[in-house]
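Engineer:
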Amino acid sequence: MMQRDKGRPLRETAIRPWKAQCILAVCLVLAFAVPYMAVRLFVLVRDRQWQRSGLSPYEISRWRENGINDVDEAIRWRNGRFQPPGAKLWKDEGIEPEAACRWNDLGFWPREAKRWSEHGFTPEEAAPWRDEGFLYQDAKKWRSAGVSAAQAREKRKKGIHSP
């Protein structure tokens with residue numbers, strides 16, 4: 262609180278109303294402008310990273326629309342030959358771009374790849390089992406018994422359905 266000079270009347274030592282209004286207006290403008298400018302600066306830096314990646318503005322918007330907001334991650338998916346919607350399916354299943362590429366090359370769908378992976382199979386191990394008509398649960402049982410996919414198929418033809 263301002264203290265009054267003993268030799269001056271109160272009216273002369275107090276801040277004038279128009280000065281107080283100007284100070285208030287400046288504070289209000291700064292309260293809006295500072296956060297706004299901080300966000301704009303952040304967006305500019307982020308957009309600059311995307312532009313340096315070599316992606317077109319259309320591609321950038323498609324990656325962002327599909328929930329992939331990190332430029333490095335988008336490039337990893339693109340290098341794996343995925344379009345944004347396809348990458349989103351694999352990402353939603355928790356599969357990394359490099360692994361998704363291997364699973365996809367062998368003809369697995371994201372959910373199917375996740376199940377095989379949860380049961381301890383790599384894409385290369387799962388493909389023969391799936392090609393022989395086995396589900397991941399059955400393949401795991403046969404494999405743990407030391408039986409290959411081809412051997413399991415032969416046993417199944419003979420009517421043996423479990424190891």
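First residue of the sequence shown: 262, per my numbering; consecutive thereafter. The beta carbon of each residue, even a glycine, is placed where N, CA and C say it ideally should be.
Taking the beta carbon of serine 378 as the centre, do at least 16 other beta carbons fall within 10 Å, making it buried, or is it exposed?
Structural biologist: Counted from its first residue, the sequence shown places residue 378 at position 117. Buried, by the Cβ-count rule.
Engineer: Quick check on isoleucine 284: buried or exposed, where buried means 16 or more other Cβ atoms within 10 Å of its Cβ?
Structural biologist: Numbered from its first residue, the sequence shown carries residue 284 at position 23. Exposed, by the Cβ-count rule.
Engineer: Please name the residue in Glu415, Pro424, Lys418 whose C-alpha comes closest to that of glycine 407.
Structural biologist: Taking the sequence shown and counting its residues from 1, one reaches residue 407 at position 146. If we check each option's Cα against that of glycine 407, Pro424 comes out closest.
Engineer: Can you tell me the Cα-Cα spacing of lysine 419 and glycine 368, whole angstroms?
Structural biologist: For this step, residue 419 is matched to residue 158 along the sequence shown. For this step, residue 368 is matched to residue 107 along the sequence shown. Cα to Cα, lysine 419 sits roughly 28 Å from glycine 368.
Engineer: May I ask you to report which of helix, strand or coil DSSP gives serine 405?
Structural biologist: As a working mapping, residue 405 is identified with position 144 in the sequence shown. Serine 405: helix per DSSP, three-state reduction.
Engineer: Among the residues of its own chain, which have a CB less than 6 Å from the CB of phenylalanine 343, if the five just before and after it don't count?
Structural biologist: Translated into the one-based positions of the sequence shown, residue 343 becomes position 82. For phenylalanine 343, where only same-chain residues beyond five positions count, there are no Cβ hits under 6 Å.
Engineer: Starting from the C-beta of glutamine 310, find all residues in its chain whose C-beta is less than 7 Å away, skip the five residues before and the five after it, and write them out in chain order.
Structural biologist: Looking up residue 310 in the sequence shown gives position 49. Contacts found: Val332.
Engineer: Return the CA-CA distance between proline 318 and aspartate 308, expressed in angstroms with no decimal places.
Structural biologist: Here the question's residue 318 lines up with position 57 in the sequence shown. Here the question's residue 308 lines up with position 47 in the sequence shown. Each residue's alpha carbon lies about 10 Å from the other.
Engineer: For tryptophan 364 and alanine 410, what's the separation of their Cα atoms in angstroms?
Structural biologist: Along the sequence shown, one-based indexing puts residue 364 at 103. Along the sequence shown, one-based indexing puts residue 410 at 149. Spanning the two alpha carbons is a distance of roughly 18 Å.
Engineer: Could you name the residues of the same chain whose beta carbon sits closer than 6 Å to that of proline 241, not counting the 5 residues immediately before and after it, in chain order?
Structural biologist: As shown, the chain starts at 262 and ends at 424. That puts residue 241 outside it, with no answer to give.
Engineer: Using three-state DSSP, classify serine 322 as helix, strand or coil.
Structural biologist: The count along the sequence shown starts at 1 and reaches residue 322 at position 61. Reduced to three states, the DSSP call for serine 322 is helix.
Engineer: So for glutamine 312, helix, strand or coil by DSSP?
Structural biologist: The count along the sequence shown starts at 1 and reaches residue 312 at position 51. Judged by DSSP in its simplified three-state form, glutamine 312 adopts helix.
Engineer: Tell me which same chain residues have a C-beta within less than 6 Å of the C-beta of tryptophan 403, skipping the five on either side of it?
Structural biologist: Here residue 403 refers to the residue found at position 142 when the sequence shown is read from its first residue. Around tryptophan 403: Ala413, Pro424.
Engineer: Take arginine 372 and list the residues in its own chain whose beta-carbon comes closer than 8 Å to its own, dropping the five residues that flank it on each side.
Structural biologist: Along the sequence shown, one-based indexing puts residue 372 at 111. So the list reads Glu354, once near-sequence residues are dropped.
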